[in-house]
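*Asks:* One structure, pasted below without further comment.
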Amino acid sequence: MPITAGRAGTAARRGLPVLAAAVVILGTWQLAVRLFQVPSFILPAPSEIASALASEFPTILSASNVTVRAVLLGLVLGSVAGILVALVVSRFHKVAGPVLAMAVIVNCAPIVALAPIFNNWFGVTNLASKAGVAAVMVFFPVLVNTARGLLQISPLHLELMESLAAQPRQISLMLRLPNALPYLFNALKLGSTLAVIGVIVTEYFGGPSNALGVYIAYQAALPRFAEAWAGIFVASLLGLTTFGLISLLERLLMPWHESIHSDET
Amino acid sequence: MPESAIISVSGVTKEFNSGTDRSVTALTDIDLSIAEGEFVSLLGPSGCGKSTLLRIMADLTQPTGGSVSLNGKAPGAARRDRDYGMVFQQAGLFDWRNVQRNVELPLQVAGVAKETRRAKATSMLELVRLSEFAHHFPWQLSGGMQQRVAIARALSADPKILFMDEPLGALDEMNRERLQGELLRIWSDTRTTVVFVTHSISEAVFLSSRIVVMSSRPGRIATSIDVDLPYPRSAATRTTPEYFKKVTEVRTALHGTSAAQDAP
Amino acid sequence: MTAMKTPSTATTTPEPPPQREVAITSTALARTTALRSRLTGGVVGLAVLAFLAALWEGYKALGQATGDRLLGIPFPVATDDLSMPHLGTILGALVEPARRGNPTSLGVYLLGETSVTLREAAYGLVAGSLLGLALAIVFLHIPPVSRGLMPWLVASQTIPLVAIAPMIVIWGGKAGLPPWVAVTGIAAYLAFFPVTINALRGLKSPPKVQTEFMRSVGAGRLQFLLWLRMPAALPYLFAGLRLAATASVVGAIVGELSAGTGRGIGRAILTFAYYYSNGPEKLYAAVLVAAVAGIVFVQLLSWIERFALRNRHSR
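Next up, the structure:
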């Protein structure tokens, strides 16, 4: 089939500019630091960061371990709660609109400000305080998106199901749920970065000494900037990996989705 | 009225916003009887209520007055027994199901076992000649192919009746003519009774065994014209003098009904 | 719905008024329906608020009555006044003096700090949006740049901003800039991304008919952008701006945490968190004010949006 050949070609065509951009960015960075002799407290060269990462690797790894668990727990708790509430809210069409509007408004509040409160509630070193903030941050986008996906179904599809005399349960299972999946995954992708931010900010307000957010703040204060940047690098890698895993899950669960195959960007 | 009427509509009226000062009469006093195995087209200008009439037969809209009987039952009961299949103007396939599983949908709603479903869908795809696309997703198909899947889906539960609401309206002329031929072949293979809504005179003449001409404001049946061109019809049928004569006859009937009312 | 309903209502008026007045009547009608839906929205909103307040006090009362234990299972959050002050105490704290020996009430103090934060957020929002829009236009015209940079932009948003905040503050300090500039920079860093994504989607939104029409009349690149793509992108752009506004407030607060500016609601939250045991209700009051401020900030933008898009009946 020509499809496989096309896919390999697409992958190459997509991957190449990404790699090129990385090489250009890193090269310019390294060159600029070396050429203008930028002191490391302003910006360490990529090579310095790499060597700091190599020497600090065990410490950063164990710190990431703590943070990763909080991120994943928060992501799971927030999305499960968001999906459940969306399922309930979408059953009651009358209240769904105002409740969702309310959720959108609440979501405009800076939820990270809850961090010190959660630290006090669950304890500074407790995983629950970090995961809790992440969960609240993930909850709202997941709730709003999932509910929209459940409610905004095509009238034609609904009419088709009616012509087939489908039960409400069948309409939910065969139409509303699959329709909501792309909406849900968009929220989860957003949520994956939010969860990382939420956990690290909460760690900043106080956390176990072996957490990534604490590590970065500590190294920056020392100041050992190459090490701090190594920590930042790992933290963003963490966010990217979560993002990537969710995208992978999306491809597995929604092989039909056009945006995955389409080449328009 | 034929003895073997599978669809009978008597005295059906439909008023929108009835009881308010904005009420619009869409259909008035419709009597129609369709025998088993007929291919009947509802033909008329837009706004004559032909789609509304079809939707009333399919129990997707409730009439304001009158009664409908489908296969000897009320439309609601017929719908629940899946006595009819429906094809809309848009294919309306589920993006998240491949072709095979889209065709299986009516059977799945009816609670048919998986193996039976699969076998049935396979034979339906053979009928519409899309077997090799069974595992494609809708976005990978052209508009004409999607509409063929929609036809296969409508027929998968072996309905006695097939309702089609301008199913070829969104296609280009060439695809349209090809699908008209396909549709006649499917009809002769399955012997399903077809009620077909269209505003194309040539389409109605080529396909139907009978054309019900409707007029608008308020929507009512103007006349019923038997199309006695012999089946099977092919592309050659479209060039015969009998075909042209029929087209002219239908056109005259149609214009006779609407010319008087088309002026604003 | 309203768009479909209004014309038919306008035609039932006994004497068809001139075209302009029809438009006015129909917008007035649309306004009353919008008002009604907002009224029910407000009622539901109040109901939700009341429900949350009742939940808070009910949970606290239950905990106090049962000793934070139900059927042998301990409550996840303790209900004493230190962990969960009464709502009355929290709201009451707003009118009491912020510090001993100073008559300024906590509410006034917090509002002052909030205005500092919102100013930083607003500057950051403007800077970030301009950058985001510029990036979107570049991406639109040079697809390889878009393909190459887009994944890295996504990656840039996964960098935990608290982590880079100290760096940005240090950069600002070395350049001799006041701390609020660094905070604004962090707000801008968070704000640009949603603008880029949404603006790009909006710039690509015109259907083929419209782009082909523009090509048929020989429109140049700039005309394409100014007369077709930009106006078409406006609704998308505002959607992005709303997200960016939320993000810029978060950025400003987080930036203040590490900036050491001494001003701003983020700083106030940090201070009250530090002296938590002295007055937990002050921290709650500060968080409440921050939340309300963030919501008001975004609502202001929504009003601008409603005004700018008042002649479009979409959605």
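Chains as they are written, first to last, in the working numbering: chain A, 35 to 299; chain B, 733 to 996; chain C, -3 to 311.
In this text, a Cβ means the ideal position worked out from N, Cα and C, and glycines have one as well.
Values in this document were obtained by computation on a predicted structure and should not be read as measured data.
1) Which residues, in chain order, does the stretch 235 to 249 of chain A contribute to contact with chain C at a C-beta distance below 9 angstroms?
2) Take the Cβ of Asn153 of chain A as the centre, count every other Cβ of all protein chains shown within 10 Å, and call the residue buried at 16 or more, exposed below.
3) With distances taken Cα to Cα, identify the nearest neighbour of Trp155 of chain A among C:Ala269, C:Ile166, C:Glu301 and C:Leu296.
4) Nearest to Val167 of chain A by CA position, among A:Ala120, A:Leu218 and A:Thr101, is which residue?
5) How about Ala221 of chain A and Thr180 of chain A: do their beta carbons lie closer than 8 angstroms?
6) I need the boundaries of the beta strand (DSSP E) containing Ile766 of chain B, first residue and last residue.
7) Do the stretch 768 to 783 of chain B and the stretch 857 to 865 of chain B touch if we need at least three Cβ pairs shorter than 8 angstroms?
8) How many Å lie between Gly275 of chain C and Pro147 of chain C at the Cα?
9) Along the beta strand (DSSP E) that carries Leu775 of chain B, what are the first and last residues, could you check?
10) Taking DSSP's pairing of strands, which residues face Lys805 of chain B in a bridge?
11) According to DSSP, which residues form a beta bridge with Lys746 of chain B?
12) Just by C-beta distance, which residues in the stretch 146 to 170 of chain A are closer than 7 angstroms to chain C?
13) Which residues of chain A have a Cβ atom closer than 9 angstroms to the Cβ of Gly108 of chain C, listed in chain order?
14) If distances are taken between C-alpha atoms only, which option among C:Ala130, C:Gly260, C:Thr207 and C:Ala123 comes closest to Ala241 of chain C?
15) Beta-carbon of Gln71 of chain A versus every beta-carbon of chain B: anything under 8 angstroms?
16) Would you kindly work out how many angstroms separate the C-alpha atoms of Glu747 of chain B and Val927 of chain B, rounded to a whole number?
17) Which whole runs of the beta strand (DSSP E) in the stretch 908 to 973 of chain B are 3 residues long or more, in chain order?
18) With C-beta atoms as the reference, is Met877 of chain B less than 8 angstroms away from Leu887 of chain B?
19) Taking 8 angstroms as the CB-CB limit, is Glu193 of chain A close to chain B?
20) Since Pro93 of chain C sits in a beta bridge, which residues does DSSP pair it with?
21) Say whether the stretch 286 to 299 of chain C touches the stretch 112 to 131 of chain C, bearing in mind that this needs 3 or more beta-carbon pairs closer than 8 angstroms, one atom from each stretch.
22) Can you pull the chain A residues whose beta carbon is under 7 angstroms from the beta carbon of Leu145 of chain C, in chain order?
23) Roughly how many whole angstroms lie between the Cα atoms of Tyr105 of chain C and Ala94 of chain C?
24) Applying the 10 Å Cβ sphere with the 16-neighbour rule, what's the burial state of Gly273 of chain A?
25) Take Val268 of chain A and list the residues in its own chain whose beta-carbon comes closer than 6 angstroms to its own, dropping the five residues that flank it on each side.
26) Compute the Euclidean distance between the alpha carbons of Gly232 of chain A and Leu218 of chain A, then round it to the nearest angstrom.
27) Against Met877 of chain B, what residues of chain A qualify as contacts under a CB-to-CB distance less than 7 angstroms, listed in chain order?
28) Please classify Gln186 of chain A as buried or exposed, where buried requires at least 16 other C-beta atoms within 10 Å of its C-beta.
29) Can you tell which of B:Arg983, B:Ala884 and B:Gly743 has its C-alpha closest to the C-alpha of Gly798 of chain B?
30) List the residues that DSSP assigns as beta-bridge partners of Leu66 of chain C.
31) Taking only three categories from DSSP, how would you classify Met818 of chain B?
32) On a Cα-Cα basis, can you pick out the residue from A:Pro132, A:Met171 and A:Ala245 that is closest to Ala243 of chain C?
33) For the beta strand (DSSP E) containing Phe895 of chain B, list its first residue and its last residue.
34) How is Val860 of chain B classed by DSSP in three states: helix, strand or coil?
35) Quick one: what's got a C-beta closer than 6 angstroms to Val756 of chain B's C-beta in the same chain, skipping five residues either side?
36) Taking CB distances under 8 angstroms as the criterion, tell me whether Ala214 of chain A reaches chain B.
*Replies:* The relevant details are as follows:
1) Val235, Glu237, Tyr238, Phe239, Gly240, Leu246 and Gly247
2) buried
3) C:Ala269
4) A:Thr101
5) yes
6) Val756 to Ala767
7) no
8) 46 angstroms
9) Phe771 to Leu775
10) B:Leu802
11) B:Leu759
12) Val146, Ala147, Leu148, Pro150, Ile151, Asn154 and Trp155
13) Under the 9 angstroms cutoff, chain A gives no residues; its nearest Cβ is about 17 angstroms from Gly108 of chain C.
14) C:Ala123
15) no
16) 22 angstroms
17) 925 to 930, 942 to 947 and 952 to 958
18) no
19) yes
20) C:Ser101
21) yes
22) Ala55
23) 7 angstroms
24) buried
25) Ile94 and Ser98
26) 20 angstroms
27) Per Cβ cutoff of 7 angstroms: no residues; Met877 of chain B is ~16 angstroms from chain A at best.
28) exposed
29) B:Gly743
30) C:Ile69
31) strand
32) A:Met171
33) Ile893 to Asp897
34) coil
35) Phe748
36) no
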